[in-house]
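Numbering follows full-length UniProt numbering, with no gaps: position 95 of the sequence shown is 95. Backbone N, C-alpha and C define an ideal beta-carbon position, used for all residues, glycine too. Just so it is clear, the structure is predicted and the values come from calculations on it, not from any experiment. For reference, the structure discussed in these notes is given below.
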Amino acid sequence: RRGPDCGAKDCLNFALDCDNNQNAIGRRKHVTINVDPTVAAGTPSIQSHKLPPAHRSLASTINYGDCPAAQKLLYPPKFSFNGIQESDFSDGRGLTELREIFDAAGMKTNEREFEQICKHLKSSKPTILQYQKAHNHIKGIISDRV
């Protein structure tokens with residue numbers, strides 16, 4: 001069979017068309033096979049027509065197209081298990097937002113210290129790490145990590 005109703009089973013059974021070309025091949029007769037590269041054959045690698053299950057199994061080989069790269073699975077970012085992305089550290093934020101984050105984390109600053117931190121920073125939208133470095137500098141905290 002040929003056409004849209006021809007499936008994988010037909011391909012595996014070597015049903016090339018209605019003339020029973022399998023017997024013709026067995027008798028060493030010339031057979032024309034359609035090699036059009038636009039004809040879909042086999043199973044697509046990404047199963048977008050299936051909904052991914054709520055809980056995935058490591059043994060499942062189905063690719064739903066939304067799987068992370070192997071690098072992220074083998075070496076996940078440090079804080080990913082807490083729901084924090086790497087971009088949360090590298091994206092610029094407003095100074096008042098950063099102050100609120102540090103206050104909530106127990107690293108409170110008074111108005112005078114906050115003004116000194118703002119003067120120490122060269123950007124109006126610093127990252128968390130830049131704010132932390134300025135905060136530690138103003139508070140006199142020495143850190144080996146930064």
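- By the neighbour-count criterion, in which 16 or more other beta carbons inside 10 Å mark a residue as buried, I46 falls on the exposed side.
- The Cβ atoms of G92 and T127 sit closer than 8 Å to each other.
- Counting the other CB atoms within 10 Å of its CB gives Q85 a total below 16, which places it among the exposed residues.
- Spanning the alpha carbons of T109 and F89 requires a straight line of approximately 20 Å.
- For A69, the number of other beta carbons within 10 angstroms of its own is below 16, and it is reported as exposed.
- Residue state for C118 is assigned as helix, using DSSP reduced to three classes.
- DSSP places H135 in the helix class (H, G or I) of the three-state scheme.
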